[in-house]
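A.B. asks: Quick one: this structure, given as structure tokens, is what I'll be asking you about.
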Amino acid sequence: GDSVTQMEGPVTLSEEAFLTINCTYTATGYPSLFWYVQYPGEGLQLLLKATKADDKGSNKGFEATYRKETTSFHLEKGSVQVSDSAVYFCALVRRADGLTFGKGTHLIIQP
Amino acid sequence: EAQVTQNPRYLITVTGKKLTVTCSQNMNHEYMSWYRQDPGLGLRQIYYSMNVEVTDKGDVPEGYKVSRKEKRNFPLILESPSPNQTSLYFCASSSFGGQGERETQYFGPGTRLLVL
Chain X
418 GDSVTQMEGP
428 VTLSEEAFLT
438 INCTYTATGY
448 PSLFWYVQYP
458 GEGLQLLLKA
468 TKADDKGSNK
478 GFEATYRKET
488 TSFHLEKGSV
498 QVSDSAVYFC
508 ALVRRADGLT
518 FGKGTHLIIQ
528 P
Chain Y
16 EAQVTQNPRY
26 LITVTGKKLT
36 VTCSQNMNHE
46 YMSWYRQDPG
56 LGLRQIYYSM
66 NVEVTDKGDV
76 PEGYKVSRKE
86 KRNFPLILES
96 PSPNQTSLYF
106 CASSSFGGQG
116 ERETQYFGPG
126 TRLLVL
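If you're matching them up, the sequences are chains X and Y in order. FYI, the numbering used here numbers position 82 of the first sequence as 499, with every residue one higher than the one before it. FYI, the numbering used here numbers position 58 of the second sequence as 73, with every residue one higher than the one before it.
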């Protein structure tokens, strides 16, 4: 079946550091891929998405590129801020019945 | 404001006492879904609905019921809650995208449930 694998963390970085959170997937066909973010005490918000191979999603300084050859969708940001501290979920759309999520990566940014 | 609302936000109950968590969206979305979030397990889908009167099981449907009598509402019902249903629950909605795929899912703020 379809699945998403991501590093679970916690990942702890200093402010202004470069961020990479790895995400790989297993799926039939060509699923759309998403990164969602969950700030403390809140629900999930869409951060970015890509719907086909080689697409790059971007938002708020975060980027991820849909790599079909490596079945990956790694999240990157050049300079993180304390306000980026959150849990980040990689996900794919699974056929017609909903999202398959990774287990989430807890990101902690220290001043 | 486009949003998904859930009520209650926090709930403490006892084993066997029926409860309902409501979910409502104001975006005229066809698709709605319930997820539960547990430490180390991420989010798992409980039930989903592709339109009024159309519901189907997700990955972890045991112990839950849903109904979709109106497009905007998708309540989650626990007929006889048990402690293993203690979790954080999220409702989500989306419109249909191209080729039958789900477009962006919008999530509610979550309902934290404790079953004693």
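Backbone N, C-alpha and C fix where the C-beta goes; we use that ideal spot for every residue, glycine too.
1) With burial defined as no fewer than 16 other Cβ atoms inside 10 Å of the residue's Cβ, what is the status of TYR456(X): buried or exposed?
2) So, under 8 angstroms CB-CB, TYR6(Y) and VAL36(Y) are touching, yes? Tell me the CB distance rounded to an integer number of Å.
3) Could you check the C-alpha separation between PRO54(Y) and GLU16(Y) for me, to the nearest Å?
4) Please tell me whether LEU450(X) has its Cβ less than 8 angstroms away from any Cβ of chain Y.
5) Would you mind telling me which residues of chain X sit closer than 7 angstroms to PHE89(Y), beta carbon to beta carbon, in chain order?
6) What residue range is occupied by the uninterrupted beta strand (DSSP E) comprising MET47(Y)?
7) So, under 8 angstroms CB-CB, SER502(X) and ILE525(X) are touching, yes? Tell me the CB distance rounded to an integer number of Å.
8) Of all the CB atoms in chain Y, is at least one closer than 8 angstroms to the CB of GLU459(X)?
9) Starting from the beta carbon of THR119(Y), find every residue of chain X whose beta carbon is closer than 8 angstroms, and list them in chain order.
10) Going by DSSP, name the residue or residues bridged to HIS381(X).
11) Ignore the nearest five residues each way along the sequence and tell me which others in LEU463(X)'s own chain have a CB closer than 7 angstroms to its CB.
12) Run through DSSP, which three-state label would TYR25(Y) get?
13) Check this for me: beta carbons of VAL504(X) and GLY515(X), under 8 angstroms apart or not?
14) Of all the options GLN40(Y), GLY31(Y) and TYR25(Y), which has the alpha carbon lying nearest to the alpha carbon of GLU85(Y)?
15) Would you mind stating whether CYS38(Y) and GLN21(Y) have Cβ atoms separated by less than 8 angstroms?
16) Nearest by alpha-carbon distance to ALA107(Y): which of TYR63(Y), LEU56(Y) and ILE92(Y) is it?
17) Between the stretch 60–82 of chain Y and chain X, which residues of the former have CB atoms less than 8 angstroms from a CB of the latter, in chain order?
18) Mind checking the stretch 32–56 of chain Y against chain X and listing, in chain order, the residues whose C-beta falls within less than 7 angstroms of any C-beta there?
19) Could you tell me whether the stretch 122–129 of chain Y touches the stretch 65–76 of chain Y, using the rule of 3 or more Cβ pairs below 8 angstroms?
20) Per DSSP, what are the beta-bridge partners of ALA481(X) in this structure?
C.D. replies: Let's see:
1) exposed
2) Only positions 16 to 131 of chain Y appear in the structure, and residue 6(Y) is not among them; the question remains open.
3) 31 angstroms
4) no
5) Within 7 angstroms Cβ-Cβ: nothing; PHE89(Y) doesn't reach chain X, min ~13 angstroms.
6) 46–53
7) 5 angstroms
8) yes
9) In chain order: PHE451, LEU463 and LYS466.
10) The structure shown does not extend to residue 381(X), since chain X is modelled only from 418 through 528, so no value can be given for it.
11) PHE451 and TYR453
12) strand
13) no
14) Looking from the CA of GLU85(Y), the closest CA among GLN40(Y), GLY31(Y) and TYR25(Y) belongs to GLN40(Y).
15) yes
16) TYR63(Y)
17) Among the residues of the stretch 60–82 of chain Y, those with a Cβ less than 8 angstroms away from any Cβ of chain X are GLN60, TYR63, MET65, ASP71 and GLY73, in the order of the chain.
18) SER48, GLY55 and LEU56
19) no
20) GLY474(X) and LEU492(X)
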